[in-house]
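Here the structure is laid out as structure tokens; the discussion comes afterwards.
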Ligand SMILES: Nc1ncnc2c1ncn2[C@@H]1O[C@H](COP(=O)(O)OP(=O)(O)O)[C@@H](O)[C@H]1O
Ligand SMILES: [Mg+2]
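Residue numbers (our numbering): 8 to 270.
So, in structure tokens, the structure goes:
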């Protein structure tokens with residue numbers, strides 16, 4: 008089974024940036040293929056990885072619902088399977104599936120069921136799945152039956168951010184999947200460190216922070232000019248820190264470097 012890493016948190020906290028850097032580390036430093044899933048309606052993982060996403064799962068849903076899809080002689084089920092496969096971007100080291108806009112009130116069981124089938128298959132064929140989640144973690148609860156090995160809850164270093172961590176931790180406990188480990192991360196922490204009020208709030212809520220990721224000028228500039236995370240230097244502080252973090256939390260058997268990546 009794949010080692011399943013899910014990244015969650017409020018918008019703007021750095022979920023996509025951290026997801027993209029994690030994908031880079033696993034593919035480049037560990038030499039292992041990754042199935043990447045952008046489950047945030049505000050899809051941006053593709054852009055951060057430097058790929059152009061044309062089709063999303065939301066597009067397929069819409070086509071089916073508005074009966075615009077041309078099944079070309081295929082059954083509806085076969086057509087959706089084909090459309091899902093077509094929407095996946097296949098790179099040398101990773102595959103990317105983008106969910107796109109959220110669902111409306113109508114029932115999309117058909118697409119969701121096939122998507123679950125696909126996700127379950129991915130879970131058995133890839134060593135790693137990395138999912139950039141939406142705030143409500145809908146994707147985890149409805150579209151995959153795979154367990155989550157590592158849930159990373161990302162927050163800005165503010166009291167409001169920490170209150171959101173608290174909410175997400177509770178939400179995670181109510182999801183119908185097993186989450187083996189939940190780790191809270193404060194991201195974009197300034198040089199001045201963490202405010203004492205924030206420290207107090209963390210203690211009050213009983214939240215343990217497993218890692219503090221600094222504000223990084225190079226990461227910020229890379230995003231500002233629209234470059235991909237693959238442009239960031241290997242020696243970059245945040246990238247090195249993410250690497251050490253993964254080395255600590257990924258099982259040793261998966262850390263051995265593979266010479267070639269095969270998807
Ligand atoms: N550690 C960091 N240092 C500097 N900038 C960061 C860091 N993490 C994220 N950012 C920047 O913060 C902004 C929001 O990050 P993003 O990953 O898009 O957040 P989210 O996916 O949670 O909405 C982006 O401009 C990104 O470049
Ligand atoms: Mg994002």
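The beta-carbon is built from N, C-alpha and C at its ideal position, and this holds for glycine as well.
- Summarising the contact set, residues whose Cβ lies nearer than 6 Å to any heavy atom of ligand 1 are, in chain order, 16, 18, 19, 20, 21, 22, 23, 24, 51, 194, 195, 220, 222, 223, 226, 227, 230 and 245.
- If you draw a straight line from the Cα of residue 230 to the Cα of residue 42, it is about 23 Å long.
- By the C-beta criterion, the region 72-80 is judged not to be in contact with the region 167-181, since fewer than 3 inter-stretch pairs fall below 8 Å.
- Residue 252 sits in a helix when the DSSP states are folded into three classes.
- Residue 167: member of the alpha helix (DSSP H) spanning 166-181, first to last residue.
- Boundaries of the beta strand (DSSP E) around residue 105: 101-105.
- Around the C-beta of residue 8, fewer than 16 other C-beta atoms lie within 10 Å, and the residue is accordingly described as exposed.
- Put simply, of 48, 187 and 52 the residue whose alpha carbon is nearest the alpha carbon of residue 157 is 187.
- DSSP places residue 229 in the uninterrupted alpha helix (DSSP H) bounded by 224-231.
- Residue 13 sits in a strand when the DSSP states are folded into three classes.
- A residue is called buried once 16 or more other Cβ atoms fall within 10 Å of its Cβ, and residue 127, having fewer, is exposed.
- Contact check for residue 57 against residue 235 passes: the beta carbons are separated by less than 7 Å.
- The residues 58 and 103, in chain order, have a CB closer than 6 Å to that of residue 96 in the same chain once the five nearest residues on each side in sequence are set aside.
- For residue 158, the enclosing beta strand (DSSP E) covers residues 155-162.
- Taking a cut-off of 8 Å on C-beta distances, the region 11-25 touches the region 193-210, as three or more cross pairs fall below it.
- Relative to ligand 2, the beta carbon of residue 102 is positioned no closer than 6 Å to any heavy atom.
- For residue 25, same chain residues with a beta-carbon under 8 Å away, outside a window of 5 residues either side, are 14, 159, 161, 192, 194, 220 and 249 in chain order.
- Pairing residue 153 with residue 62 gives a Cβ-Cβ distance that is not under 7 Å.
- With fewer than 16 other Cβ atoms from the protein chains shown falling within 10 Å of its own Cβ, residue 112 counts as exposed.
- Looking at the DSSP output, residue 218 sits in a beta bridge with 192.
- In this structure residue 121 touches residue 84 by the C-beta definition: roughly 7 Å separates them, less than 8 Å.
- Rounded to the nearest whole angstrom, the C-alpha separation of residue 23 and residue 141 is 10 Å.
- Nearest neighbour of residue 20 by Cα position, chosen from 47, 33 and 40, turns out to be 47.
- DSSP, reduced to helix, strand and coil, places residue 43 within a strand of the structure shown.
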